[in-house]
Each structure stands twice: as C-alpha cells, then as structure tokens.
Amino acid sequence: MESSEISGDLTSVLLTEKQILDKIAELSRRIEADYAGEKVLLVGVLKGAVMVMADLARELKLPIDMDWMAVSSYGSGTKSSGVVRILKDLDSDLTGRKVLIVEDIIDSGLTLSWLRANLESRGAHSVEICALLRKPEAAKVDVDVRYVGFEIPNEFVVGYGLDYAEKYRNLRDIGILAPHVYA
Ligand code: 5GP
Ligand code: MG
Ligand code: MG
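Residue numbers for the sequence shown follow our numbering, beginning at -10 and rising by one.
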C-alpha cells in the first residue's frame, strides 16, 4: 500500500488493484452480453462508487450515459442507520431508461433496496444493480443484485472509493481497516 502511515491503519490487503480491474472486465463482458445493442444509464452512488464507475464506464463497450446520486445511510460511523436520505438527486429523466445502479458495496442491503424501488417508481424500463463487493449480511434482505464482483467477509473495508470518515478513498487496493482506527 501507498504510505507506511496508511498501511499501519490496515490489517491486510483484501483485494489488489489488479484483482479489482480483472473483475470489472469480467463483469463488463456479462453486462455487454445482457444489454447488447442497447443504451444503458449508469447511475453511480456517490461517493463510494466513483472508482468502480470510472473503471466500469471505460471498460464497457456499450453506449452509456452516466448520472449520479448521493444518498446517506451511514454517516461517518461503521454501522448502517437504515435511514436513507437523498443528498443529491439524478439530473436525468428515467422514463423508459435501462438503468444500471453502480455501487461499491452492499452490507445490510438497505440502501440498495430503497434505491431500486425509488428509481423503479420513476418509470424506468428496468433497474439492475452492479456492486463490486457484497457482505454476508446482504443475504438477509431481498435485493436481487445481478452483477456482484466479490463476496467478502464481514469486515470494514476501505480503498478504491470506500472511506472511513472520508479517508482512504484514494487507495488503489481494498484493505481491511484495523479496528484500532475506529475503536
Ligand atoms: P447498506 O445499506 O448496504 O448497509 O450500506 C451500504 C453503504 O454503507 C455502502 O454504500 C457504503 O457506503 C457503506 N458501507 C458498508 N459496508 C462498508 C465497509 O465495509 N466499508 C466502507 N468504507 N463502507 C461500507
Ligand atoms: Mg455506496
Ligand atoms: Mg462511507
């Protein structure tokens, strides 16, 4: 990892940049097959999904539009509040659009099940989800995620867009945050 100051904050590297980019390429081939000949609206969920969005959008050989939403469910802690608030809404009209939500991670799944219902209610033709990471808790809620990069253990991870109190987003790898950092 980048600096010794930051590597002291991590228990270990869970996924390297190479593993992440290989997985995004693999997901892109599936998405291209599923949406062949169609135009997709990628909806990135700020801020965690910026890196996934940037790499996925450039890897996909499909016509795409990009839009962004910011929702809040976590604050700066490590536990889901279950309360979802729109901080920044989409600029696009979703009527008839094929929407693919791009997310960094699914933990409780509360954010995504709320978000999908919200976007569906705006008249989208379809709303699917692509999430780079999924934690075991997500199995408990009924949210159908078509594209999942990695199933990861129930640890708090940072890097590649994922933060703790706005820090670590710029790490290229994804690492497990050492408990002493948030204890
Ligand atoms: P959920 O509603 O699925 O519990 O939470 C989803 C959001 O919580 C994610 O988009 C992300 O912002 C945050 N989150 C969940 N688990 C982690 C984690 O391990 N690390 C980080 N940095 N954020 C997480
Ligand atoms: Mg997110
Ligand atoms: Mg966060």
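Positions of the beta carbon are idealized from the N, C-alpha and C atoms, including for glycine.
As the structure is a prediction and not an experimental result, all values here were calculated from the model.
**Request:** Go ahead and label D(-2) buried or exposed: buried means 16 or more other beta carbons lie within 10 angstroms of its beta carbon, across all protein chains shown.
**Result:** For the purposes of this step, residue -2 is taken as the residue at position 9 of the sequence shown. Buried is the call here.
**Request:** From the DSSP output, in three-state form, read off V39 for me.
**Result:** Here residue 39 corresponds to residue number 50 of the sequence shown, with the count starting at 1. Three-state DSSP puts V39 in a helix.
**Request:** Could you round the C-beta distance between T100 and V73 to whole angstroms and report it? I think they count as a contact, below 8 Å.
**Result:** What you label residue 100 is simply residue 111 of the sequence shown in a count that begins at 1. What you label residue 73 is simply residue 84 of the sequence shown in a count that begins at 1. Rounded, the Cβ-Cβ distance is 6 Å, consistent with contact.
**Item:** Reduced DSSP secondary structure (H/G/I, E/B, other) of E144
**Value:** As a working mapping, residue 144 is identified with position 155 in the sequence shown. Coil at E144, not helix or strand.
**Message:** Beta-carbon within less than 6 Å of N143's beta-carbon, same chain only, minus the 5 sequence neighbours each way: which residues are those?
**Reply:** Within the sequence shown, numbered from 1, the residue matching residue 143 stands at position 154. If we look at N143 and ignore the five residues flanking it on each side, its Cβ neighbours are K124, P125.
**Prompt:** Got a sec, what are the start and stop residues for the beta strand (DSSP E) E92 sits in?
**Reply:** Counting from 1 along the sequence shown, the entry for residue 92 is found at position 103. It spans 87 to 95 - the beta strand (DSSP E) in which E92 sits, taken as one unbroken run.
**Asked** Out of curiosity, what's the CA-to-CA distance linking A217 and I75?
**Response** There is simply no residue 217 to check, as the chain begins at -10 and stops at 172 in what is shown.
**Asked** If we count Cβ pairs, one from each stretch, closer than 8 Å, do we get three or more for the region 16 to 34 versus the region 42 to 52?
**Response** yes
**Prompt:** How would you call Y171, buried or exposed, if buried means at least 16 neighbouring beta carbons within 10 angstroms?
**Reply:** Counting from 1 along the sequence shown, the entry for residue 171 is found at position 182. That one is exposed.
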